[in-house]
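Residue 563 in the UniProt record's numbering sits at position 563 of the sequence shown; the count goes up by one each step and never skips.
For every residue, glycine included, the Cβ atom is placed at its ideal position computed from N, Cα and C.
Notes to accompany the following structure.
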Amino acid sequence: MVTNKLVKTKLMYAVLEDNIKEVESLLNQGVDVNFQDALGYTALMHTVELNYKPIAQLLIDHGADVNIKNNIGFSPLMHAVYFAQDKYMTKFLLDNKANADDAFTLAVIKQNEELIKLLIEYNTDINSKDPFTGKTALMWSLYFYYTTYLGYIPLDITFHQCFSYIILETYFPSLLEDKKKQLKFMSFLFQQNSIDVNSTDNYGYNALMVATKLDNKRFFRFEVDSGIMKDKLKNLDINSKEYKTIKSELDELTYSPDLVKFFLDQKNYTFDLNYKNYLNSNPLIYTIQSYNYYLIKLFLSYKQDIYTIDINNLKDSNGNNVLQKAIINKDIETVKQILQYKHDTYNIDLYSQDKKGSDILRSAIQRDNLDILNLILNYKKQTTTLDLNKKYNIFLSNNDIFITTVLITGVKGNNIEIVRSILNYKPEIISLNINAKNNYNGTALIYASQNNNKDMVKLILDYKSDIITVDINNKLNTIEYTALLFAVINNNLDIVKLLFNYKSDIITVDVNQIQKITYFERIPKNRTLILIATMNNNTEMIDLLLNYKSEQITLDLNMPDVSNMTALLWAIKNNNIDIVNSLLNYKHDTYTIDINFIGSYNQTALIWAVKNNNTAIVKALLNYKATIDINFRNKYDKSALSWAIGNQNTEIVELLLNYQKDNYIIDLNYVDKNQDTYLILATKINNVKIVQLILNYRVKDYIININSQDKHGKTALIYAIEKNNIDIVKALLNYKYQIIDINLQDHNKSNALMYSISKNNFDIVKMLLNYNYTIDLDIKNSNDRTALMIASKKNNIDIISLLLNYKVKPNMDAQDFYGYTALIIATRKNNIEAVKALLEHNANKSIKDNYFHTALDYAKELKISKLIKLLS
Numbered sequence: 001m002v003t004n005k006l007v008k009t010k011l012m013y014a015v016l017e018d019n020i021k022e023v024e025s026l027l028n029q030g031v032d033v034n035f036q037d038a039l040g041y042t043a044l045m046h047t048v049e050l051n052y053k054p055i056a057q058l059l060i061d062h063g064a065d066v067n068i069k070n071n072i073g074f075s076p077l078m079h080a081v082y083f084a085q086d087k088y089m090t091k092f093l094l095d096n097k098a099n100a101d102d103a104f105t106l107a108v109i110k111q112n113e114e115l116i117k118l119l120i121e122y123n124t125d126i127n128s129k130d131p132f133t134g135k136t137a138l139m140w141s142l143y144f145y146y147t148t149y150l151g152y153i154p155l156d157i158t159f160h161q162c163f164s165y166i167i168l169e170t171y172f173p174s175l176l177e178d179k180k181k182q183l184k185f186m187s188f189l190f191q192q193n194s195i196d197v198n199s200t201d202n203y204g205y206n207a208l209m210v211a212t213k214l215d216n217k218r219f220f221r222f223e224v225d226s227g228i229m230k231d232k233l234k235n236l237d238i239n240s241k242e243y244k245t246i247k248s249e250l251d252e253l254t255y256s257p258d259l260v261k262f263f264l265d266q267k268n269y270t271f272d273l274n275y276k277n278y279l280n281s282n283p284l285i286y287t288i289q290s291y292n293y294y295l296i297k298l299f300l301s302y303k304q305d306i307y308t309i310d311i312n313n314l315k316d317s318n319g320n321n322v323l324q325k326a327i328i329n330k331d332i333e334t335v336k337q338i339l340q341y342k343h344d345t346y347n348i349d350l351y352s353q354d355k356k357g358s359d360i361l362r363s364a365i366q367r368d369n370l371d372i373l374n375l376i377l378n379y380k381k382q383t384t385t386l387d388l389n390k391k392y393n394i395f396l397s398n399n400d401i402f403i404t405t406v407l408i409t410g411v412k413g414n415n416i417e418i419v420r421s422i423l424n425y426k427p428e429i430i431s432l433n434i435n436a437k438n439n440y441n442g443t444a445l446i447y448a449s450q451n452n453n454k455d456m457v458k459l460i461l462d463y464k465s466d467i468i469t470v471d472i473n474n475k476l477n478t479i480e481y482t483a484l485l486f487a488v489i490n491n492n493l494d495i496v497k498l499l500f501n502y503k504s505d506i507i508t509v510d511v512n513q514i515q516k517i518t519y520f521e522r523i524p525k526n527r528t529l530i531l532i533a534t535m536n537n538n539t540e541m542i543d544l545l546l547n548y549k550s551e552q553i554t555l556d557l558n559m560p561d562v563s564n565m566t567a568l569l570w571a572i573k574n575n576n577i578d579i580v581n582s583l584l585n586y587k588h589d590t591y592t593i594d595i596n597f598i599g600s601y602n603q604t605a606l607i608w609a610v611k612n613n614n615t616a617i618v619k620a621l622l623n624y625k626a627t628i629d630i631n632f633r634n635k636y637d638k639s640a641l642s643w644a645i646g647n648q649n650t651e652i653v654e655l656l657l658n659y660q661k662d663n664y665i666i667d668l669n670y671v672d673k674n675q676d677t678y679l680i681l682a683t684k685i686n687n688v689k690i691v692q693l694i695l696n697y698r699v700k701d702y703i704i705n706i707n708s709q710d711k712h713g714k715t716a717l718i719y720a721i722e723k724n725n726i727d728i729v730k731a732l733l734n735y736k737y738q739i740i741d742i743n744l745q746d747h748n749k750s751n752a753l754m755y756s757i758s759k760n761n762f763d764i765v766k767m768l769l770n771y772n773y774t775i776d777l778d779i780k781n782s783n784d785r786t787a788l789m790i791a792s793k794k795n796n797i798d799i800i801s802l803l804l805n806y807k808v809k810p811n812m813d814a815q816d817f818y819g820y821t822a823l824i825i826a827t828r829k830n831n832i833e834a835v836k837a838l839l840e841h842n843a844n845k846s847i848k849d850n851y852f853h854t855a856l857d858y859a860k861e862l863k864i865s866k867l868i869k870l871l872s
């Protein structure tokens, strides 16, 4: 035998060139007639595709294998059917013992009736499958049936991903085949006793599942189209032409599950409605997912006399059986149909659970649908009693297990009618465990209170109250929340009253419990109930808590939360005088509130009240039985009096200054971090009344230091002069318990007299000069100028006269930084009256400044004749 590769290749070239003599010669040389190239093709395959029958006969005579397959699984017969589509070549191969089964589905795909008939004549297996998807002829007919309606072959994406591009290229010419032809062909297939209706493809689909999916696709299109039309009609005038046109189209739009009905009507076959593919889905599951009530009814009525759908075990990949899927969809009509399925002979397992652990009953409760729940509760009620006290182990996504009951599930869903149905289920024989707990130690009562549902709480508390006692003090584990704590946090007064009144003769609610952390974020809080109620600004809630069995219980009103705020501080922050009074009056004879507690921002109750400018609360605090530390200062070194002065609240200032409890003295001379005294603060804000109140403070002969200087070196007098407030100046000068040092200089070396001259305020200058104090008129500021120099520059002849006639004469010839005298300054400013006055008091005209100029020199530069004459 010749085995040279080149010789073998020559055989294929000879075939492709239709050179029968060369083919015969090579075969006679002994070449391998079944040699396959890189694609798995043989010479016979090429011959079949080119329809060279004589060469084909020659190759077969020399031993060519008619059933050999190439790399894509095609045999020579499949090439003849699919590519050549030649009846005679096909018959020729069949006559030469080609396997007819390989090509049958391909003939169906190509919709070639001649080849289909021919293959059947050769006893092809009508259950044979295509080499790519494993679909049978029946399945392919289903797809082609729907192409007319959908306009495309409705294949799954998984199908497209794996199907040969060669076949995809040849699908599309066949898309618009007549549906009747497909029905006729499928009818023919069903007439063959050998057809396997439950055969599956590579993806686990059988023909009925394919039919179901296709019918559901059509149902979806029907629902979308009818929905669009209905929406359009809503916005149109009923008498308009467009309305009538769309209404007519809508009336003509119909849906019927043709394919599935066609299948199920085949009396000689029984379809396995319980079959599930590898995705754990089947026709009924697909249909329920699609809400296709037409098909659901069709499936549930299928051969009930001889066939039973396994409702309980027919589950999807999540473990939901068909009843659970209908419940999840809130499809009440489907639920009714399923519950009525073979009602007398079939028992639906209402305890059937999905993979997470939920059964039928809990699924109904979770979907918050009262009608479905009642259907479940009433299912065979006369013979069946559901265990409503059953505990569920629910598997969460993080692999944790959540333990719960139907009652807790219903309460957490916050639907009172669902909870009512659960509580009213067969009350004569069933008592629900109302105190049943989940793995967080939560009860129905706790979750009802958490949901802020007063009616739900009442329903639970009233449940068989003559024989059952609800544990109202039960706490969630770890975070220790109770029903009462949730009620107070939610600011729900009605729930608190219900809890307080519940069997109050035998039950005492724990009102001293603490909210240690927040429920969701787990942020530390450390809040008592009274503190939470105060934060919520609920006066009625406060009174309710304070008065609850007060003869037996004492609340801790002084406990701060993590932000270091007490109930009193929150009440003051919220400006609620009623709550403040309630707290201060709580057990007045036996309980004392820590009124000096230092809270958030290092502030006491009094500072909070004063900051808020709330006079009523300040009065309440000052009248409390405990002594208040009025001198306390916060982290900003500000006391209550500091804030009152800043707020210019004269009434609060007076209240604080009049506070006399326990011989308490306010340190009015305290110097804060800015070196301000209360007097300086009051003067800065220009409030004469507050200044007067401070100066009048005489508790235990207290003396105000009116000469105190702030960080700028300024005194209260200087600030009063800066504000031109003559009333404050008078008040300071009239203070008889300390002499004002008018000579005191600030950081610019200016004193009170200099400021008053700079302000050109004759009255204040006169008051200062007349004050019982000797002023040094020769003091110089940072520019080395005296009061007389400043007055000369200002040209206020009245002030100059006051200075010149003062009991202690000023130095007329003093010089500043530039060597200027008062006379030179007055001359440079063309202040003629000032020059006259200075000269009358013997000012020295010959003194020169640092530039060697006299007053006369400047007068000449200015060319002012009057000045020249005066100074010459």
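DSSP-derived helix/strand/coil call for Phe520: coil
Helix, strand or coil at Ile285 according to DSSP, with G and I counted as helix: helix
Rounded straight-line distance, which links the Cα of Asp231 to that of Asn439: 48 Å
Three-state secondary structure (DSSP) of Gln382: coil
Three-way DSSP call (helix, strand, coil) for Phe402 in this model: strand
Residue of Val653, Lys391, Asn501 and Asn369 minimising C-alpha distance to Ile332: Asn369
Start-to-end residues for the alpha helix (DSSP H) that takes in Phe222: Ala207 to Lys234
Cut-off 6 Å between Cβ atoms - residues of its own chain near Asp594, not counting five sequence neighbours on either side: Asn558
Touch test, the region 448-467 against the region 508-517, Cβ-Cβ under 8 Å, three pairs minimum: no
Selection from Glu252, Tyr302, Lys241 and Lys573 that minimises the alpha carbon distance to Tyr269: Tyr302
Endpoints, beta strand (DSSP E) assigned at Tyr392: Tyr392 to Phe395
Delimiting residues of the alpha helix (DSSP H) encompassing Ile68: Per DSSP, Ile68 belongs to no alpha helix (DSSP H) and is neither H nor E.
Cβ-Cβ distance between Tyr806 and Leu838 below 8 Å: no
Closest Cα partner of Phe632 within the set Leu668, Lys625, Asn477 and Asn658: Leu668
Residue range of the unbroken alpha helix (DSSP H) whose run includes Gln182: Lys179 to Gln191
Residues near Pro54 by beta carbon distance below 7 Å, same chain, minus five either side: Ile20
Asp344 burial status per 10 Å Cβ neighbour count (16 or more: buried): exposed
Between the CA atoms of Ile718 and Lys829 - distance to the nearest angstrom: 27 Å
Per-residue DSSP class, three states only, for Tyr152: Because Tyr152 carries a pLDDT of 42, less than 50, the predicted location of this residue cannot be relied on, and no value is offered for it.
Collapsed DSSP secondary structure at Asn690 in the structure displayed: In the sequence as presented, Asn is not what sits at residue 690; that position holds Ile. Three-state DSSP puts Ile690 in a helix.
Selection from Asp561, Ala731 and Asn647 that minimises the alpha carbon distance to Asn696: Ala731
Contact set for Ile868: own chain, Cβ-Cβ below 8 Å, skip 5 residues either direction: Leu856, Ala859 and Lys860
Alpha-carbon spacing of Ile825 relative to Thr786, whole angstroms: 12 Å
Lys454 versus Leu485 - alpha carbon distance: 14 Å
Span separating the alpha-carbon of Lys10 from that of Lys179: 48 Å
Sequence-distant residues of its chain with Cβ nearer than 6 Å to Asn198 (five each side left out): Asn206 and Asp272
Cβ neighbours of Lys356 in the same chain (closer than 6 Å, five flanking residues each side left out): Ile394 and Phe395
Sub-8 Å separation of Ala567 and Leu583 beta-carbons: yes
Spatial neighbours of Met1 in its chain, beta-carbon cut-off 6 Å, leaving aside the 5 residues before and after: With a pLDDT of 39 at Met1, under the threshold of 50, the modelled position of that residue is not reliable, and the figure given next carries that caveat. Contacts found: Gly30.
Delimiting residues of the alpha helix (DSSP H) encompassing Lys247: Lys241 to Glu252
Backbone secondary structure at Gln324 - three-state DSSP: helix
For Leu753 and Val765, believed in contact at Cβ under 8 Å, the rounded distance: 7 Å
Inter-residue spacing [alpha-carbon to alpha-carbon] between Leu862 and Phe852: 16 Å
Local conformation of Lys860 per DSSP, three classes: helix
Validate contact between the region 649-656 and the region 683-690 using beta carbons, cut 8 Å, 3 pairs: yes
Residues bridged to Arg527 (per DSSP): Gln515
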